[in-house]
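*Asks:* Just passing along the structure, written as structure tokens.
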Amino acid sequence: MLKPANLRKIASNIESESIKHYLNDLGVLSIRERELQGIERLVRHFIDEQVPLKFFYIGYSMPKISKEFDLLAFDQMHRVVNIELKSQADYDEEKVRKQLINNKYYLSQVAKEIKLFTYNSDSDIIYTLTEQDELEATDVSSTHLFLASEFYRILATFASIDVGNLDGLFKVNLYLVSPFRETHAFLEGDYLLSQQQQVLQNNILTISESGFYAVNVPSARILKIRTALFLGHNPR
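Residue 224 is where the sequence shown starts when you use this note's numbering, and the numbers rise one by one after that.
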């Protein structure tokens, strides 16, 4: 079970071998070096030690859906803060926007209020979503700019807690939509695809040749079945 971390402890011990043991004890079994560096650079901005930065879940992955969040924090009022970490100064902003919109969908099922951010450690920019799902960027490269940001205001007053096993919050049945049992929601597109389904959809949409296509599920191959059916072959 994934346990919440103290971000200040990670930032102050990033060069130490003990950090690996600390993360392993929390159940954080896979985290990239650049993500650790992103945490360290983010924490460096919080010069006020009164901002604890405790109880952050790192790299939580939802069961059976292949959805992962870089950083999550919850409070007693059923609010959640989500921070995604990027490390390329020229990272595509449209990808940032789409990821935060995607995250909002999943988090809206488990929280009353959601605060969504992406921190790009190379450019020192904090991104967030407006109510119209547009991306808003804030330069936090100086102490003055950082302390004046909405991001700092929210984190400085957010009383995060240990909510226990996140799998108990992110229940799979909250997100899976059956076209038979929940036909209206299915027809309205009120659901999101899993990571594998999204890859398959993207691959199908890039096909320029017209025809009928099917997906071979075990091997996740896209098959053109018009010719196969015409020839009387089994398309598998």
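Even glycine gets a Cβ: it sits at the ideal position worked out from N, Cα and C. Just so you know, these numbers come straight off a predicted model, no measurement behind them.
How is residue 403 classed by DSSP in three states: helix, strand or coil?
*Replies:* Confidence is the limiting factor: at residue 403 the pLDDT is only 48, short of 50, which leaves the residue's position unreliable and the question unanswerable from this model.
*Asks:* When DSSP labels each residue in this structure, what does residue 168 get in the three-state scheme?
*Replies:* For the chain, the structure presents residues 224 to 459; residue 168 sits outside this window and is missing.
*Asks:* Use the C-beta contact count for residue 253: other C-beta atoms within 10 angstroms, 16 or more gives buried, fewer gives exposed.
*Replies:* It counts as exposed.
*Asks:* Based on Cα-Cα distance, which residue from 373, 394 and 268 lies nearest to residue 290?
*Replies:* It is 394 whose Cα lies nearest to the Cα of residue 290.
*Asks:* Distance, Cα to Cα, residue 270 vs residue 367?
*Replies:* When rounded, the distance between both Cα atoms is 11 Å.
*Asks:* Can you give me the start and stop residues for the beta strand (DSSP E) that residue 392 sits inside?
*Replies:* No beta strand (DSSP E) contains residue 392, which DSSP labels as neither H nor E.
*Asks:* Short of 7 Å in beta carbon distance, which residues of its chain neighbour residue 358, apart from the five on each side in sequence? Order them along the chain.
*Replies:* Counting only Cβ-Cβ distances below 7 Å, and skipping sequence neighbours, we find 316, 319, 320, 350 and 352.
*Asks:* If contacts are defined as beta-carbon pairs under 8 Å, then residue 347 and residue 364 qualify, I think. What distance do you get, rounded to the angstrom?
*Replies:* Residue 347 to residue 364, Cβ: 4 Å. Contact.
*Asks:* Would you mind sorting residue 227 into buried or exposed? The rule is 16 or more other CB atoms within 10 Å of its CB.
*Replies:* Buried, because 16 or more other Cβ atoms sit within 10 Å of the Cβ of residue 227.
*Asks:* Using three-state DSSP, classify residue 309 as helix, strand or coil.
*Replies:* Reduced to three states, the DSSP call for residue 309 is strand.
*Asks:* If I measure Cβ to Cβ from residue 299 and keep anything under 8 Å in the same chain, skipping five residues before and after, which residues do I get?
*Replies:* Around residue 299: 382 and 384.
*Asks:* Could you name the residues of the same chain whose beta carbon sits closer than 6 Å to that of residue 338, not counting the 5 residues immediately before and after it, in chain order?
*Replies:* Answer for residue 338: 304 and 377, listed in chain order.
*Asks:* Would you mind reading off the limits of the alpha helix (DSSP H) that contains residue 235?
*Replies:* That run of the alpha helix (DSSP H) goes 230-235.
*Asks:* Could you check whether residue 230 and residue 279 sit closer than 8 Å to each other, using their CB atoms as the reference points?
*Replies:* Contact: yes.
*Asks:* In this structure, does DSSP put residue 374 in helix, strand or coil?
*Replies:* Helix, per DSSP.
*Asks:* Nearest-angstrom Cα distance between residue 389 and residue 262?
*Replies:* Distance between the alpha carbons of residue 389 and residue 262 is about 21 Å.
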